[in-house]
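Below is one structure, written out as structure tokens, with a few remarks after it.
There are 2 protein chains.
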Amino acid sequence: MDKAWVVATLDGIARFGKGERGFSRLVFGEAEWGAVEYVTGLMREADLAVRTDAFGNVIGRLEGRESGASVVATGSHVDTVPEGGNFDGVVGVLAGLGALMRLKARGLLRHPVEVMVFRGEESARFSIHTMGSKVMAGIASVEAWRKLQDHGGTTLAQALAARGLDLERIPEAVRRPEEFKAFVEMHIEQGPVLEEAGIPIGVVEAIAGPVRLKISVEGTASHSGTTPMGKRRDALVSAAQVVLAVQDEAAKRAERRIVGTVGVMKVHPGAMNVVPGRVEMWVDIRGIDAEDVAATARAVREAAARIADREGTRIRLETLSSDAPVPMDSDVIRTIEAACRQVGVAYRRMPSGAGHDAMNMAKLAPAGMIFIPCRQGASHNPDEYAAPEDILTGIDVLTETLAALAG
Amino acid sequence: MDKAWVVATLDGIARFGKGERGFSRLVFGEAEWGAVEYVTGLMREADLAVRTDAFGNVIGRLEGRESGASVVATGSHVDTVPEGGNFDGVVGVLAGLGALMRLKARGLLRHPVEVMVFRGEESARFSIHTMGSKVMAGIASVEAWRKLQDHGGTTLAQALAARGLDLERIPEAVRRPEEFKAFVEMHIEQGPVLEEAGIPIGVVEAIAGPVRLKISVEGTASHSGTTPMGKRRDALVSAAQVVLAVQDEAAKRAERRIVGTVGVMKVHPGAMNVVPGRVEMWVDIRGIDAEDVAATARAVREAAARIADREGTRIRLETLSSDAPVPMDSDVIRTIEAACRQVGVAYRRMPSGAGHDAMNMAKLAPAGMIFIPCRQGASHNPDEYAAPEDILTGIDVLTETLAALAG
């Protein structure tokens with residue numbers, strides 16, 4: 145378990161979904177499936193007991209001394225956004241595997257320890273994030289998920305079926321709180337704080353809750369050559385103003401750690417000689433205070449109403465999801481901090497601006513998160529990078545944290 | 145040749161490419177191919193000599209009395225934009241066929257008369273408009289067209305090959321000016337002028353020249369949850385400002401008949417949890433005065449430079465095509481006007497804001513255009529409509545125009 149192992153394992157996963165720009169491993173696609181199979185193979189080589197649940201989440205298990213004792217779990221995901229990096233999620237899976245290999249070498253602990261690969265942490269394909277851990281925590285709705293489809297029109301049920309899985313049977317993957325003692329996820333920070341401060345470990349206090357909106361603008365499609373400027377109801381002209389309103393309302397609240405993003409926009413019919421008649425946008429608003437997030441969403445809604453009024457278009461806002469911020473468990477936080485002192489590295493308590501599987505696992509078990517620095521805070525793009533040394537330090541802290549929790 | 149024939153023929157063509165919203169007949173696709181085959185069948189039933197050229201343009205011919213006399217031609221197209229209507233182009237093909245059927249019944253004229261179905265008048269698939277008439281006029285560049293591909297990545301050469309045609313051989317479709325005496329195209333106005341004035345015929349004086357730009361914005365893709373507002377280089381936020389700049393610069397010059405449209409926008413990578421790193425836009429600017437169009441394009445370029453500067457993004461503008469306005473032939477104009485008086489209908493001279501195949505045919509022959517009203521000026525959308533009575537009046541005027549030119 146050294147730097148060479150970290151680099152080789154990262155490289156092994158990097159073989160899947162590498163494109164011209166970064167990595168694209170969308171849940172249940174070829175590349176993601178291959179990467180998970182690869183990790184499953186590593187778990188088997190490490191002599192862990194491996195199983196796959198009804199949603200395709202993979203669980204590698206190291207038995208404990210005490211029969212029937214509750215599980216100390218860790219893990220993350222290997223799926224990516226389109227044109228993303230090879231560290232977001234991956235380092236948590238790799239660190240979990242590395243920590244279990246070390247713990248196994250030390251001899252049995254009292255509690256069993258599990259490393260999990262969750263499916264569909266990224267919302268890029270089905271517009272729902274942390275799917276695998278939602279299923280495990282029993283907060284996925286089969287009824288609602290029957291309607292999910294990707295931008296190509298493939299339903300979640302079809303994507304599962306192509307992998308031999310059955311949407312109707314995913315409740316079989318639900319686990320009970322009594323099964324767990326704790327959950328700890330290691331992850332890159334995906335922000336610039338640790339790197340700028342020169343601190344190797346972040347101990348997460350709370351995970352920000354995203355609100356996701358779909359905004360649809362209806363104008364009138366017409367000929368771009370013969371429709372005078374004064375007679376247009378151009379849906380894209382209204383949509384452009386909505387993009388700037390999201391930007392402005394979030395920027396106004398930047399000091400309160402609010403961020404707002406229009407990440408997806410579709411223009412219909414999408415031809416150079418047609419004034420756009422319809423635009424759909426997907427918006428993500430986050431913060432660590434639920435009221436700030438709600439206030440931002442309200443302000444966007446009001447701005448949209450003013451734009452529609454002025455431009456003669458129709459703008460509808462639909463809330464796709466609204467997650468409250470999730471605090472981490474104070475005992476787990478203290479255990480991570482003690483592990484940092486034991487390893488001899490500096491740490492800082494901090495919030496997580498991004499959502500993580502730990503958010504859902506917190507419903508099953510006292511949960512915590514360990515952040516490691518990443519270069520320039522870059523994430524969800526091809527420049528995403530974490531140094532093998534920093535990953536190793538993370539593995540050191542994760543190993544001692546799991547050992548303390550399971551000992 | 146009555147209202148029932150007009151309705152039946154429109155309905156026959158309407159069987160191809162009808163979707164949930166309007167008609168989608170993209171050049172060389174199933175629906176467009178089917179519609180052209182259907183019209184070809186009607187030409188054969190009408191006992192015209194039918195041939196297809198090396199680009200797939202279909203030509204139905206009525207021989208003249210004088211062997212070797214130059215051709216009087218008419219025609220238009222049946223392809224549509226995505227979610228377009230069944231009148232743009234279609235009425236010109238239908239009217240040409242109807243006029244030839246009437247002329248045939250009257251007995252031979254001195255000159256042969258041809259009705260043409262041009263391929264790819266709309267730029268929706270390959271970003272080049274009036275492709276078929278460009279080929280015929282000898283102004284298509286095989287070298288440049290080798291690079292053309294649709295938004296799905298199919299090249300023009302592949303689309304042609306799938307139809308048994310060869311891009312390298314399209315120069316065989318070029319015709320010489322000596323072959324032609326005149327070209328007259330009938331078309332719906334695609335604007336509100338004739339309907340609002342209650343005038344059944346527009347006689348086109350000049351066709352506006354479109355300038356087409358591709359604008360690419362490069363920012364930095366990053367995580368939407370963890371990238372603070374002040375540290376973003378969001379390509380979509382810059383692109384939204386470019387959309388509004390195109391709108392503003394065109395609106396400022398609305399009295400000089402300038403129109404400017406962003407019809408296509410693609411946002412990369414296009415995921416809800418990623419700040420957009422790259423946006424591509426396709427822009428269409430038109431007017432009947434070349435200097436006004438150029439001034440608008442310059443103003444958009446300057447605005448883009450200011451936006452890039454302010455936002456820290458990179459914005460590149462590429463001119464895809466730049467067509468000068470094309471005046472119609474004064475003799476053909478006078479012949480159309482005489483035909484209107486003969487038929488006994490009012491007419492008005494007017495410009496065409498949209499591009500048409502007549503623009504390219506004007507390089508081969510003295511050219512003219514006949515406009516008929518369409519409901520509320522709607523075009524390139526599912527509400528596009530022209531009344532059968534107005535189409536019949538157009539056929540009356542076209543018939544007498546062709547008779548006068550070929551007599």
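Protein sequences, first through last, are from chains L and C.
Numbered by the working numbering, the letters in the first sequence go through residues 145 to 551 in order.
Numbered by the working numbering, the letters in the second sequence go through residues 145 to 551 in order.
Heads up, the beta-carbon is just placed ideally off N, CA and C, and yes, glycines get one too.
### Task
Give me whichever residues DSSP pairs with D428(L) in a beta bridge.
R356(L), T405(L)
### Query
So L309(L) and F199(L) are in contact, right, with Cβ under 8 Å, and what is the actual spacing, rounded?
7 Å
### Message
Could you tell me which whole beta strand (DSSP E) segments of length 3 or greater appear in the stretch 211–276 of chain L?
### Response
Taking only runs of at least 3 residues, the beta strand (DSSP E) segments lying wholly in the stretch 211–276 of chain L are 215–221, 257–262.
### Query
Since T479(L) is in the alpha helix (DSSP H), which residue starts that stretch and which ends it?
474–487 is the extent of the alpha helix (DSSP H) around T479(L).
#### Entry: Selection from D433(C), T299(C), I203(C) that minimises the alpha carbon distance to R217(C)
This sequence places Ala at residue 217(C); Arg is not what is there. Ranking the options by Cα distance to A217(C), first place goes to I203(C).
#### Entry: Continuous alpha helix (DSSP H) stretch holding T153(L): start and end
147–158
### Message
Let's test the definition: count the other Cβ atoms within 10 Å of the Cβ of K552(L) and tell me whether it reaches 16, buried, or not, exposed.
### Response
Chain L is shown from 145 up to 551; residue 552(L) falls before or after that span and cannot be answered.
### Message
Would R356(C) pass as an interface residue toward chain L - the criterion being a Cβ-Cβ separation below 8 Å?
### Response
yes
#### Entry: Beta-carbon spacing of V222(C), V286(C) below 8 Å
no
### Task
Taking only the alpha-carbon atoms, compute the straight-line gap between I343(C) and R519(C) and give it to the nearest angstrom.
When rounded, the distance between both Cα atoms is 13 Å.
### Query
Nearest chain L C-beta to H273(C) closer than 8 Å, yes or no?
For H273(C), the closest Cβ of chain L is nearer than 8 Å.
### Message
For V361(L), list the residues DSSP reports as bridge partners.
### Response
V423(L), I459(L)
### Message
The alpha helix (DSSP H) that contains V386(L), what's its start and end?
### Response
That run of the alpha helix (DSSP H) goes 379–396.
### Query
Taking 8 Å as the CB-CB limit, is N417(C) close to chain L?
So yes, N417(C) belongs to the interface.
### Message
Between which residues of its own chain and K410(L) is the CB-CB distance below 6 Å, once the five residues before and five after are set aside?
### Response
E424
### Task
State yes or no: is the beta carbon of S360(L) nearer than 8 Å to at least one beta carbon in chain C?
With 8 Å as the cut-off, S360(L) does not count as an interface residue toward chain C.
### Query
How should A193(L) be labelled, buried or exposed, when 16 other C-beta atoms within 10 angstroms of its C-beta is the threshold for buried?
exposed
### Contact set for P526(C): own chain, Cβ-Cβ below 8 Å, skip 5 residues either direction
R165, G166, F167, E227, G228, G229
### N- and C-terminal bounds of the beta strand (DSSP E) containing L206(L)
Unbroken beta strand (DSSP E) run through L206(L): 202–206.
### Task
Could you check if T405(L) is buried or exposed, using at least 16 other CB atoms within 10 Å of its CB as the buried criterion?
buried
### Message
Distance check for V381(C) and Q391(L), CA to CA, integer angstroms please.
### Response
7 Å
### Message
Among the candidates A506(L), S523(L), P510(L), whose CA atom is the shortest distance from the CA of A281(L)?
### Response
A506(L)
### Query
Any beta-carbon of chain C closer than 8 Å to the one on S523(L)?
Yes - at least one Cβ of chain C is within 8 Å of the one on S523(L).
### Message
My assumption, with CB atoms under 8 Å, is that R401(L) sits in contact with G431(L). Please give the rounded CB distance.
### Response
5 Å
#### Entry: Within chain C, the residues that R377(L) reaches when beta carbons sit closer than 8 Å
The premise fails here: R377(L) is roughly 11 Å from chain C at the closest Cβ pair, so nothing lies under 8 Å.
### Message
Can you confirm whether V444(L), when its beta carbon is compared against all beta carbons of chain C, has any partner nearer than 8 Å?
### Response
no
### Message
Tell me the DSSP secondary structure of Q334(C) in three-state form.
### Response
coil
### Query
In chain C, which residues lie less than 8 Å from R400(L) when you measure between Cβ atoms?
Simply none; closest approach about 11 Å.
### Task
Evaluate the contact criterion for the stretch 364–373 of chain L versus the stretch 414–428 of chain L: three or more CB pairs, one atom per stretch, below 8 Å.
yes
### Task
Step through the CB atoms of chain C and report whether any lies within less than 8 Å of the CB of E340(L).
no
### Message
Taking 8 Å as the threshold (beta carbon to beta carbon), is Q391(C) in contact with chain L?
### Response
Taking Cβ atoms only, chain L reaches closer than 8 Å to Q391(C), which makes this a yes.
### Query
At a CB-CB cut-off below 7 Å, which residues of chain C make contact with W426(L)?
M416
### Message
Strictly under 8 Å for the Cβ-Cβ distance: is V381(L) near chain C by that measure?
### Response
yes
### Contact list for the stretch 317–344 of chain C against chain L, Cβ threshold 8 Å
E333, Q334, G335, P336
### Message
Looking only at its chain, what residues have a beta carbon closer than 8 Å to the beta carbon of G156(L), apart from the 5 residues adjacent to it on each side?
### Response
Y182, L186
### Task
Taking V470(C) and D540(C) to be in contact with their CB atoms under 8 Å, please state how far apart those CB atoms are, rounded to whole angstroms.
The Cβ separation is near 26 Å, so there is no contact.
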